[in-house]
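Read in order, the letters of the sequence shown are residues 267 to 406 in the numbering used here.
For glycine and all other residues, C-beta sits at the position ideal for the given N, C-alpha and C.
Working notes, beginning with the structure itself.
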Amino acid sequence: MPFPIQRIQTDRGTEFFAEKVQRKMMEYEIKFRPNKPGSPHLNGKVERSQRTDKEEFYSIANLDLNELQTETLSEWQHYYNWHRAYGSFKGKTPMDVVCEHLDKTPIWEEVNQNYEPDKERIQLSNYQRDLKLRKLKPSL
Numbered sequence: 267m268p269f270p271i272q273r274i275q276t277d278r279g280t281e282f283f284a285e286k287v288q289r290k291m292m293e294y295e296i297k298f299r300p301n302k303p304g305s306p307h308l309n310g311k312v313e314r315s316q317r318t319d320k321e322e323f324y325s326i327a328n329l330d331l332n333e334l335q336t337e338t339l340s341e342w343q344h345y346y347n348w349h350r351a352y353g354s355f356k357g358k359t360p361m362d363v364v365c366e367h368l369d370k371t372p373i374w375e376e377v378n379q380n381y382e383p384d385k386e387r388i389q390l391s392n393y394q395r396d397l398k399l400r401k402l403k404p405s406l
């Protein structure tokens, strides 16, 4: 990525709550911020991206192969980020938008300095249990 990843926001899919995944995010000093239940509006961009993949990529990809050809996936990713115009970006590509914001984007060192490992913890996928745990340990 041409910029540091500061946080990852996800739905409450259990795959994101695996301890190994969360520890890897902590290792890379990335904050994990799962959505609260009942917040589908927070997942809109992901849902839209998945719809585009379904309509534009999977319709041309050969899914009969045992493994999706890496080249096909790489070509799609390049097109998606560098050439495909987006209505939400007023006809610009994602890379156009990234380049426009480079002067406002913090560098890795700034992001690393702002990461507070003591404030991060392994989160539970069960929101109610996690909320109770957070209340028991207010410093987390």
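Can you give the beta carbon distance from residue i to residue j, rounded, assuming they're within the 8 Å contact cut?
| i | j | result |
| --- | --- | --- |
| N378 | E295 | 6 Å |
| L390 | L399 | 7 Å |
| L308 | Q275 | 7 Å |
| P300 | F282 | 6 Å |
Taking the alpha-carbon positions, what's the residue i to residue j distance?
| i | j | result |
| --- | --- | --- |
| N380 | D330 | 46 Å |
| K311 | K358 | 16 Å |
| F323 | E341 | 10 Å |
| R289 | I388 | 7 Å |
| M291 | E382 | 13 Å |
| E366 | Y345 | 19 Å |
| T336 | I326 | 14 Å |
| E321 | H349 | 17 Å |
| L368 | A351 | 19 Å |
| L406 | Y393 | With a pLDDT of 47 at L406, under the threshold of 50, the modelled position of this residue cannot be trusted, and the question is left open. |
| S410 | L339 | There is no way to answer for residue 410, as the model of the chain reaches only from 267 to 406. |
| V287 | L397 | 20 Å |
| N328 | G353 | 28 Å |
| E375 | R395 | 35 Å |
| E293 | E386 | 11 Å |
| K370 | D319 | 29 Å |
| N347 | D384 | 35 Å |
Suppose contacts are defined by Cβ-Cβ distances below 8 Å. Is residue i in contact with residue j by that definition?
| i | j | result |
| --- | --- | --- |
| R317 | K297 | no |
| P270 | P360 | no |
| R278 | P306 | no |
| V364 | F355 | no |
With a threshold of 7 Å on Cβ separation, who are the neighbours of residue i within its own chain once the five nearest residues in sequence on each side are excluded?
| i | result |
| --- | --- |
| E285 | I388 |
Using beta carbons (cut-off 8 Å, strictly below), is residue i in contact with chain D?
| i | result |
| --- | --- |
| R317 | Considering every chain present, this structure includes no chain D. It has just one protein chain. |
Only counting the same chain, and skipping five residues up and downstream in sequence, which positions put a Cβ closer than 8 Å to that of residue i?
| i | result |
| --- | --- |
| T280 | S391 |
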